[in-house]
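Each remark here refers to the structure printed beneath this line.
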Amino acid sequence: MSEQANQLDFVWEGVDKNRKKVGGEISAKSEVIAKTELRRQGYRVTKFKKKSTPLFKPRVQSITPGDIAIFSRQLATMLSAGVPLVQSFDIVGKGHENPSMRDLLLSIKADIEGGDTLAEALGKRPLYFDELFCNLVEAGEHAGVLETLLDKIATYKEKTESMKKKIKKALTYPIAVVVVAFVVTTILLIFVVPVFEDLFKSFGADLPAFTRMVINMSAWMQEWWWIVIGIVVGIVYTFGYFKKRSRPFNHFLDKALLKLPVVGLILTKSAIARFARTLSTMSAAGVPLVDALESVAGACGNIIFAEAVLRMRDDVATGQRLQFAMSQGKLFPHMVQQMVAIGEESGSMDAMLAKVADFYEEEVDNLVDNLSSLMEPIIMVILGILVGGLIVAMYLPIFKMGAAVG
Numbered sequence: 018m019s020e021q022a023n024q025l026d027f028v029w030e031g032v033d034k035n036r037k038k039v040g041g042e043i044s045a046k047s048e049v050i051a052k053t054e055l056r057r058q059g060y061r062v063t064k065f066k067k068k069s070t071p072l073f074k075p076r077v078q079s080i081t082p083g084d085i086a087i088f089s090r091q092l093a094t095m096l097s098a099g100v101p102l103v104q105s106f107d108i109v110g111k112g113h114e115n116p117s118m119r120d121l122l123l124s125i126k127a128d129i130e131g132g133d134t135l136a137e138a139l140g141k142r143p144l145y146f147d148e149l150f151c152n153l154v155e156a157g158e159h160a161g162v163l164e165t166l167l168d169k170i171a172t173y174k175e176k177t178e179s180m181k182k183k184i185k186k187a188l189t190y191p192i193a194v195v196v197v198a199f200v201v202t203t204i205l206l207i208f209v210v211p212v213f214e215d216l217f218k219s220f221g222a223d224l225p226a227f228t229r230m231v232i233n234m235s236a237w238m239q240e241w242w243w244i245v246i247g248i249v250v251g252i253v254y255t256f257g258y259f260k261k262r263s264r265p266f267n268h269f270l271d272k273a274l275l276k277l278p279v280v281g282l283i284l285t286k287s288a289i290a291r292f293a294r295t296l297s298t299m300s301a302a303g304v305p306l307v308d309a310l311e312s313v314a315g316a317c318g319n320i321i322f323a324e325a326v327l328r329m330r331d332d333v334a335t336g337q338r339l340q341f342a343m344s345q346g347k348l349f350p351h352m353v354q355q356m357v358a359i360g361e362e363s364g365s366m367d368a369m370l371a372k373v374a375d376f377y378e379e380e381v382d383n384l385v386d387n388l389s390s391l392m393e394p395i396i397m398v399i400l401g402i403l404v405g406g407l408i409v410a411m412y413l414p415i416f417k418m419g420a421a422v423g
């Protein structure tokens, strides 16, 4: 992909061996290389120029986890049907609607044709294929069940992405409404309240305390609005900066989020579901438990759970049973520990963990629905207090005058 990025595009016209006019586009690292290639193909070039770059470049479509999940499912289907690996990549890649995904798949195909295994080719692209994905593919290649493992990966990706979307939706909705309420309140204070203030000055009467407070807030906002914007932008930037770069900040944030009412419960059950789903998938692939826990830690989506899983890995590496290692912490409920114990005793760890994952994913679904139902009346009350309070403050003097005249 990097080689493609360094190439230049040229437009040319010429004649072929039969003196028929032809033309088209060609990509090469330089003009000399492009002309040499055209001569090699038997064309005599009459016009040649660098392709003009459009003023506004089309937006590059990004590759989403959903694209990776669909690719996994498609590749598993192709391999199950007996289509060779290289040909499967060619079919899936050329048929993809996302140009970025198409380039990615065709570049992986080129690496495989060059002698790389699928796991090695995917490992060169950690931005799209994490360690868990590569480990499962490698296990599938070694065991000769690549299509089965790819199908499990697709199921795993689909379920985890579905859960992520539901959690994001549950958390985004109230934040979006609060932002809208803040913007509406700011507009009322800066543009609407001053109109009423000019009207009240003509009354020549004392204003109610609540109305004076709102007018003072409006005056402050008109003069210092840029400070408010600066503070908001500063908070958002600082949060984003430390979220990306500071592990202690992320540790504090994840720990604080787990303690929040309702939201904390959703995040806890979500982390347990991811832990169970990931470990179930890796266990079914035959990945050793210690190696599997290394990948599972990164898939939990929460630093507190990730650290707990890494401690469990260390305990298991010394010979302890997984169920006993889980009981050392307080993050995993007794039910999960018992299911793991049954799995260890019966040799059906993947099946037991899959049941745990199904149970907690359903729990997360119910909690998200309950949170949405709970937030709607609370948000309406907040909006009513903010907007309704401002309206009442502006009409109080008018009601007061009406009462005095009456």
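So for the sequence shown, this note's numbering puts the first residue at 18; every next one is plus one.
A virtual CB, placed ideally from N, CA and C, is assigned to each residue, including glycine.
Euclidean distance between Cα positions of residue i and residue j
i, j, result
"GLY360", "ALA86", "28 Å"
"ARG56", "ASP128", "28 Å"
"LYS176", "LEU370", "14 Å"
"PHE217", "VAL201", "22 Å"
"ALA160", "HIS113", "29 Å"
"PHE106", "LEU122", "6 Å"
"MET366", "VAL196", "46 Å"
"VAL49", "ASP120", "25 Å"
"TYR145", "PHE88", "12 Å"
"GLU362", "VAL307", "18 Å"
"ASN383", "GLY157", "35 Å"
"LYS67", "SER47", "10 Å"
"ALA51", "GLU42", "10 Å"
"SER79", "ILE246", "31 Å"
"VAL385", "ALA193", "16 Å"
"MET411", "ASP215", "11 Å"
"VAL39", "GLU30", "6 Å"
"ILE415", "MET397", "26 Å"
"ALA136", "SER297", "20 Å"
"GLN91", "THR165", "12 Å"
8 Å contact criterion, which residue i and residue j should meet: CB distance rounded
i, j, result
"THR207", "SER235", "According to the sequence displayed, residue 207 carries Ile and not Thr. The pair is a contact, with the Cβ atoms about 7 Å apart (cut-off 8 Å)."
"ALA93", "ASP147", "18 Å between Cβ atoms; not a contact."
Option in the options with minimal Cα separation from residue i
i, options, result
"PHE12", "THR94, GLY346, PRO305 and GLN340", "Any property of residue 12 remains undetermined from this structure, which presents the chain solely from 18 to 423."
"GLU378", "VAL212, ILE184, LYS126 and LEU306", "ILE184"
"PHE150", "THR203, MET299 and VAL357", "MET299"
"LYS186", "MET392, LYS417, LEU407 and MET397", "MET392"
"GLN337", "ALA358, MET352 and HIS351", "ALA358"
"ASN387", "LEU188, ASP26, GLY405 and HIS351", "LEU188"
"ASP442", "LEU310, HIS351, LEU348 and PRO350", "Nothing can be reported for residue 442, as the shown portion of the chain is limited to 18 through 423."
"ARG229", "PRO211, GLU240 and TRP243", "PRO211"
Contact check, residue i vs residue j, beta carbons under 8 Å
i, j, result
"LYS34", "GLY59", "yes"
"TYR173", "SER389", "no"
"LEU153", "ILE125", "no"
"VAL381", "SER287", "yes"
"ARG61", "VAL28", "no"
"MET343", "GLN354", "yes"
"VAL326", "ALA314", "yes"
"LEU231", "LEU407", "One detail in the question is off: residue 231 reads as Val in this sequence, not Leu. Taking 8 Å as the Cβ cut-off, VAL231 and LEU407 qualify as a contacting pair."
"ALA198", "LEU403", "yes"
"LEU400", "PHE227", "no"
"GLU130", "VAL103", "yes"
"THR285", "LEU277", "no"
Between the segment 291 to 307 and the segment 138 to 145, are three or more C-beta pairs nearer than 8 Å? Contact between the segment 291 to 307 and the segment 138 to 145 is absent, because fewer than three Cβ pairs lie under 8 Å.
Is the segment 313 to 322 close to the segment 262 to 275, with three or more CB pairs under 8 Å? Three or more beta-carbon pairs separated by less than 8 Å link the segment 313 to 322 to the segment 262 to 275, which places the two stretches in contact.
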